[in-house]
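Numbering (my numbering), first residue to last: 44 to 335.
Glycine included, each C-beta is placed from N, C-alpha and C at the ideal position.
Note that the structure is a prediction, hence the values are computed from the model and not measured.
In structure tokens form, the structure reads like this:
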């Protein structure tokens, strides 16, 4: 592709937990093939990945998330499923701030919008200014795990509750195309064997120590309880995702992007962040299939 064929893009990154790590692969493919991302709109995990990219820190985040192992996720689950089922989420956000530094949305080199939900008024909130990680924290306030984030007296929760693939904020952008990534695509029948490479299986010891310290700090913030009904927890997450996927289909019918990249909804479970390498590869390949 020559320079004259560079296409400008508004990138819309949907919600869907760990499947959202596929967003990283999509971004890598776009960059390698001369698509210039001029703006990013994200919901939940999409707001996080999009924010990292807009801040120029996606590589740092990718290295960090590739170091997470299954035992870390199990620990996080046990921490989060406390008496109320909620934690503030401050330690997670502070860890990310330590990783990439504090940022203001209005200072980012590209346009950025995080979508959250006003839980009382039951409406979408588009966050386009202020502290980047406040916007991410609000957009990622998944009802089962995190307490609502209060901003200017408004209680905000996960943007995926009302708009899992928020295309509408991208309308009006002066770009060649809107590309949206839906993490609730049709289920795949393919074998779900991990495709992690040997290189990604070996994590740098220093990075592993940072992740271990992150987990240890979280353990200090709440009391562990062992008598959990994990099957009920899993069912509620699946029910929430079923509702999200239905809403996403309806929203996409009303606000269709120019290009829709779909990640199978059964590619991984919402909290399987230990499968980062696999999901990143999947996103890369899906972008290649849709745009080559």
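As assigned by DSSP and simplified to three states, the class of residue 327: As a working note, residue 327 is residue 284 in the chain shown. Residue state, collapsed to three classes: helix.
Beta-carbon gap between residue 294 and residue 207 smaller than 9 Å: The count along the chain shown starts at 1 and reaches residue 294 at position 251. The count along the chain shown starts at 1 and reaches residue 207 at position 164. Going by C-beta atoms, residue 294 is nearer than 9 Å to residue 207.
DSSP-derived helix/strand/coil call for residue 153: As a position in the chain shown, residue 153 is number 110, starting the count at 1. Residue 153: coil per DSSP, three-state reduction.
Alpha helix (DSSP H) runs contained entirely in the segment 163-192, provided each spans 4 or more residues: 175-182
Residue 291 versus residue 110 - alpha carbon distance: Taking the chain shown and counting its residues from 1, one reaches residue 291 at position 248. Taking the chain shown and counting its residues from 1, one reaches residue 110 at position 67. Distance between the alpha carbons of residue 291 and residue 110 is about 31 Å.
Residue 288, DSSP secondary structure in three states: To locate residue 288, count along the chain shown from 1; it is residue 245. Correct three-state label for residue 288: helix.
Cβ contact (3+ pairs, closer than 8 Å) linking the segment 220-231 and the segment 171-191: no
Residue 99 and residue 66 closer than 9 Å at C-beta: Stepping through the chain shown from its first residue, residue 99 is reached at position 56. Stepping through the chain shown from its first residue, residue 66 is reached at position 23. No. Outside cutoff.
Cβ contact check for the segment 312-323 and the segment 49-67: 3 or more pairs under 8 Å: yes
DSSP beta-bridge partners of residue 220: Mapped onto the chain shown, residue 220 falls at position 177. Its beta-bridge partners are 52.
Other residues of its chain near residue 48: CB distance less than 8 Å, five sequence neighbours each side excluded: Here residue 48 refers to the residue found at position 5 of the chain shown. Closer than 8 Å at Cβ, skipping near neighbours: 77.
Proximity test, Cβ basis, 9 Å: residue 78 and chain D: Any reference to chain D falls outside this structure, which holds one protein chain only.
DSSP beta-bridge partners of residue 225: What you label residue 225 is simply residue 182 of the chain shown in a count that begins at 1. Paired residue(s): 305.
Buried versus exposed, by CB contacts within 10 Å (16 or more), residue 145: Locating residue 145 in the chain shown gives position 102, counting from the first residue. So residue 145 ends up on the exposed side.
Cβ-Cβ distance between residue 68 and residue 83 below 9 Å: As a working mapping, residue 68 is identified with position 25 in the chain shown. As a working mapping, residue 83 is identified with position 40 in the chain shown. It is not a contact, given that the beta carbons lie outside the stated cut-off.
Residue 102, enclosing alpha helix (DSSP H) - first and last residue: What you label residue 102 is simply residue 59 of the chain shown in a count that begins at 1. Its alpha helix (DSSP H) spans residues 101-109.
Of the listed residues 301, 230, 328, nearest to residue 284 (C-alpha basis): Here the question's residue 284 lines up with position 241 in the chain shown. That would be 230, whose Cα lies nearest to the Cα of residue 284.
DSSP-derived helix/strand/coil call for residue 85: As a position in the chain shown, residue 85 is number 42, starting the count at 1. DSSP places residue 85 in strand when its eight states are reduced to three.
Own chain, CB closer than 6 Å to residue 281, minus 5 neighbours either side, in chain order: As a working note, residue 281 is residue 238 in the chain shown. So the list is empty, once near-sequence residues are dropped.
DSSP bridge partner residues for residue 199 (one or two, in chain order): For the purposes of this step, residue 199 is taken as residue 156 along the chain shown, with counting starting at 1. The partner list for residue 199 (beta bridge, DSSP) reads 161, 192.
8 Å contact criterion, which residue 81 and residue 301 should meet: CB distance rounded: Within the chain shown, numbered from 1, the residue matching residue 81 stands at position 38. Within the chain shown, numbered from 1, the residue matching residue 301 stands at position 258. Contact doesn't hold; Cβ gap of about 14 Å is too wide.
Burial state of residue 299 (16 or more Cβ within 10 Å): Taking the chain shown and counting its residues from 1, the one referred to as residue 299 is at position 256. With fewer than 16 other Cβ atoms within 10 Å, it is exposed.
C-beta contact flag for residue 160 and residue 204 at 9 Å: Indexing the chain shown from 1 puts residue 160 at position 117. Indexing the chain shown from 1 puts residue 204 at position 161. Result yes, Cβ atoms of residue 160 and residue 204 sit closer than 9 Å.
Buried versus exposed call for residue 279 [16 or more other C-beta atoms within 10 Å across all chains shown]: As a first step, residue 279 is located in the chain shown; it is residue number 236 there, counting from the start. Burial call: exposed.
Rounded separation between residue 71 and residue 184 - CA only: Reading the chain shown from its first residue, position 28 is the one you call residue 71. Reading the chain shown from its first residue, position 141 is the one you call residue 184. So the two alpha carbons sit approximately 27 Å from each other.
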